[in-house]
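J.:
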Amino acid sequence: MIAAQLAAAAHSVAAATETEELNPLLPEWYDIIWSLVIVVVIYFVFMKYALPKFQALLDERTEKIEGGLQHAEAAQAEAAALRAEYEQQLADARTEAARIKEAARAEGGVIVTEAKAKASTEAARAVETAQRTIEAERQQAAVSLRADVGALATELASKIVGESLEDTARQSRVVDRFLADLEASTAATTAPNKEN
Amino acid sequence: MIFFEDTVFEINRIILVRFIAVAVFLVIFVIGARRAKLVPGRFQGALEMSLDFCRTQIAYEILGEKDGKKYVPVITTIFFSIFFFNITGVIPFLNIAGTSVIGLPIIFALWVYFMYLSQGVKKFGVGGYLKHSLFPPGVPWPIYFLLTPVEFLQVFLLRPATLVIRLLANMMAGHLLLALCFAATSFLLFEASAGLKAFGVVTFAAGFAFYLLEVFVALLQAYVFSILTAVYLQMSISEEH
Chain A
1 MIAAQLAAAA HSVAAATETE ELNPLLPEWY DIIWSLVIVV VIYFVFMKYA LPKFQALLDE
61 RTEKIEGGLQ HAEAAQAEAA ALRAEYEQQL ADARTEAARI KEAARAEGGV IVTEAKAKAS
121 TEAARAVETA QRTIEAERQQ AAVSLRADVG ALATELASKI VGESLEDTAR QSRVVDRFLA
181 DLEASTAATT APNKEN
Chain B
1001 MIFFEDTVFE INRIILVRFI AVAVFLVIFV IGARRAKLVP GRFQGALEMS LDFCRTQIAY
1061 EILGEKDGKK YVPVITTIFF SIFFFNITGV IPFLNIAGTS VIGLPIIFAL WVYFMYLSQG
1121 VKKFGVGGYL KHSLFPPGVP WPIYFLLTPV EFLQVFLLRP ATLVIRLLAN MMAGHLLLAL
1181 CFAATSFLLF EASAGLKAFG VVTFAAGFAF YLLEVFVALL QAYVFSILTA VYLQMSISEE
1241 H
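First to last, the sequence lines map onto chains A and B. Taking our numbering, the leading residue of the first sequence gets 1, the next gets one more, and so forth. Taking our numbering, the leading residue of the second sequence gets 1001, the next gets one more, and so forth.
1. Would you kindly work out how many angstroms separate the C-alpha atoms of P1040/B and V1126/B, rounded to a whole number?
2. Report back the beta-carbon spacing between Y49/A and A1033/B to the nearest angstrom; my notes put them in contact at under 8 Å.
3. If you run the structure through DSSP and keep just helix, strand and coil, what is I1011/B?
4. Taking C-alpha atoms, which residue in V1121/B, L1157/B and V1030/B lies nearest to M47/A?
5. On the premise that I42/A lies in contact with S1238/B, defined as a C-beta separation below 8 Å, what is that separation, rounded to the nearest angstrom?
6. For a test of the three-state rule: what should DSSP assign to F1003/B, helix, strand or coil?
7. Can you tell which of V1155/B, T1099/B and I1143/B has the C-alpha that lies nearest to the C-alpha of I1165/B?
8. In angstroms with no decimal places, state the Cα-to-Cα distance between V1215/B and F1025/B.
9. Which parts of the segment 1149 to 1237 of chain B are runs of the beta strand (DSSP E), unbroken and 3 residues or longer, counting only runs that do not cross its ends?
10. Helix, strand or coil: how does DSSP classify L26/A here?
11. For a cutoff of 8 Å on Cβ pairs, would you count E60/A as touching chain B?
12. In its own chain, which residues sit with a C-beta less than 8 Å from the C-beta of L1178/B, not counting the 5 before and 5 after it?
13. If the cut is a Cβ gap below 7 Å, which residues of chain B does L36/A touch?
14. Spatial neighbours of L1051/B within its chain, please: C-beta separation below 7 Å, excluding the five flanking residues on both sides.
15. Alpha carbon to alpha carbon, what distance is there between I38/A and F44/A?
16. Write down the C-beta distance between P27/A and G1103/B rounded to the nearest angstrom, noting that I regard them as a contact closer than 8 Å.
17. Using a Cβ-Cβ cutoff of less than 6 Å, which residues in the same chain neighbour F1009/B once the five nearest sequence positions on both sides are dropped?
18. Just the Cα atoms here: how many angstroms apart are K1122/B and F1135/B?
19. Against chain A, does R1018/B count as a neighbour if the rule is that its beta carbon must be under 8 Å from one of theirs?
20. Classify M1049/B: buried if its beta carbon has 16 or more other beta carbons within 10 angstroms, exposed otherwise.
21. Chain A beta carbons: is any one of them nearer than 8 Å to that of P1073/B?
22. Counting only C-beta atoms, is G1103/B closer than 8 Å to chain A at any point?
23. Assuming I1058/B and A1230/B are in contact, meaning their beta carbons sit under 8 Å apart, how far apart are those beta carbons, in whole angstroms?
24. So which residues of chain A does E1065/B contact, with C-beta pairs closer than 9 Å?
25. Cα separation between L104/A and A97/A?
26. Could you check where the alpha helix (DSSP H) with F1135/B kicks off and where it finishes?
27. Please tell me whether L51/A has its Cβ less than 8 Å away from any Cβ of chain B.
28. Based on Cα-Cα distance, which residue from I1014/B, F1003/B and I1002/B lies nearest to M1172/B?
29. Which chain B residues sit within Cβ distance under 9 Å of L57/A?
30. Could you spell out the range, first to last residue, of the alpha helix (DSSP H) harbouring F1084/B?
31. Run the CB neighbour count on S144/A, radius 10 Å, all protein chains shown included, and call it buried at 16 or more, exposed below.
32. Tell me whether the beta-carbon of V1155/B lies closer than 8 Å to the beta-carbon of S1133/B.
33. With a 10 Å radius around its C-beta and 16 neighbouring C-beta atoms as the bar for buried, classify N23/A as buried or exposed.
34. Rounded to whole angstroms, how far is the Cβ of L1188/B from the Cβ of T1203/B, which I believe are closer than 8 Å?
35. Who are the neighbours of T1077/B on chain A, taking C-beta pairs under 8 Å?
Next up, the structure:
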């Protein structure tokens, strides 16, 4: 390897001095021609083939990145819109719930009032019925009492007096008088009761 | 190593070196372009990074993004071609830069020369371009007696000539330096008397340093050539001088 290097170095020195003798600023035709060929090849292969490919790729990448950014922005905007919508819906729902609650409360109030009214009328009716029943029973009791007391008193009186009261006319008169007295006293005692 | 000797199609060592450089250059980028994917791998990433350097650091930097876009392919092509031809100067067994013989620099310089002239003419017309480049506005008229010949030389002769000579001289000087250092090293270490062997170490160290320098110069000259291309284009097509 060293030998090859040396040979190359020596050769190049020789070449360099040779060109210097020839004046390095004056080109040889073969030099120009091959240089031209080389540059033309580079022009077509590198500049017209490879570079546009890279350029296209760079453009594509830029486009992709920009597209991605736009997409992200759109997604974000959409998410924001959705969120606003949800919030709106939530607010609506809350208002609706409040409204329903208010309505229910009002309705409940009405129901309670109605129930109260109904209950008081029921109670009044029950009281009235009870009073009527009591009155009727009292009347009945008074009638039956009158009959029983008459019979008992007659019997008792006849036992006490003996046969003296056999005469029906007298008996009837005595009984009637007794009952009238009794009735008067009873009416005097029951009248305040009935006021209640 | 020489084919078709003494014809216009003669192929000597330097032409072969150029062929190799072109082959490597094109193979790398054609494979890169073929395999290019939307999500780059390492190889493609490196290629894209270097292409991006040409685009942003040379074309857009000098020409602005609007004009620069149009000339990115040309500038990129010039940068990479010259770099690949330069770098052969430090590659073992090739050992000579493809640009260290004048033919190739001439072709590149002529390409740039005709490109900036034609772009200027295309934009301003022949008369407009001449007026634009030979009679820059904003100077009092007597100055044109001095300025116009200078500008003429500049536009039509000096720009292409300096492109050629700068590149050629740099690469040739680098090659001579390396060849001298390594030739001296081998002579001093293997053939000179014992006392001189120490100098062999010195020349080897110098050769090593120049080798690294040449890697840098290869890159730098490619950069200089392509940035001057951009500058000349900019001068040809810009509204103000």
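Ideal Cβ positions, reconstructed from N, Cα and C, are used throughout, including at glycine.
T.: According to the data block:
1. 45 Å
2. 7 Å
3. Residue state for I1011/B is assigned as strand, using DSSP reduced to three classes.
4. V1030/B
5. Contact flag wrong, Cβ pair sits at about 28 Å.
6. strand
7. T1099/B
8. 17 Å
9. You should have found no qualifying run.
10. coil
11. yes
12. So the list reads G1089, V1090, N1095, G1207, F1210, Y1211 and E1214, once near-sequence residues are dropped.
13. I1107
14. T1076
15. 10 Å
16. 5 Å
17. none
18. Spanning the two alpha carbons is a distance of roughly 18 Å.
19. Yes, its Cβ sits closer than 8 Å to a Cβ of chain A.
20. It is exposed - the Cβ of M1049/B has fewer than 16 other Cβ atoms within 10 Å.
21. yes
22. yes
23. 5 Å
24. Going along chain A, no residue has its Cβ under 9 Å from E1065/B, so there is no contact; the nearest lies around 14 Å.
25. A small fix is needed here, since residue 104/A is Ala in this sequence, not Leu. Rounded to whole angstroms, A104/A to A97/A spans 10 Å at the Cα level.
26. Taken as a continuous stretch (DSSP letters only), F1135/B belongs to no alpha helix (DSSP H), as it is neither H nor E.
27. yes
28. I1014/B
29. A1033, A1036, K1037, L1038, P1040, Q1044 and E1048
30. Per DSSP, F1084/B belongs to the alpha helix (DSSP H) from E1061 to I1087.
31. exposed
32. yes
33. exposed
34. 6 Å
35. I42, Y43, F46, M47 and L51
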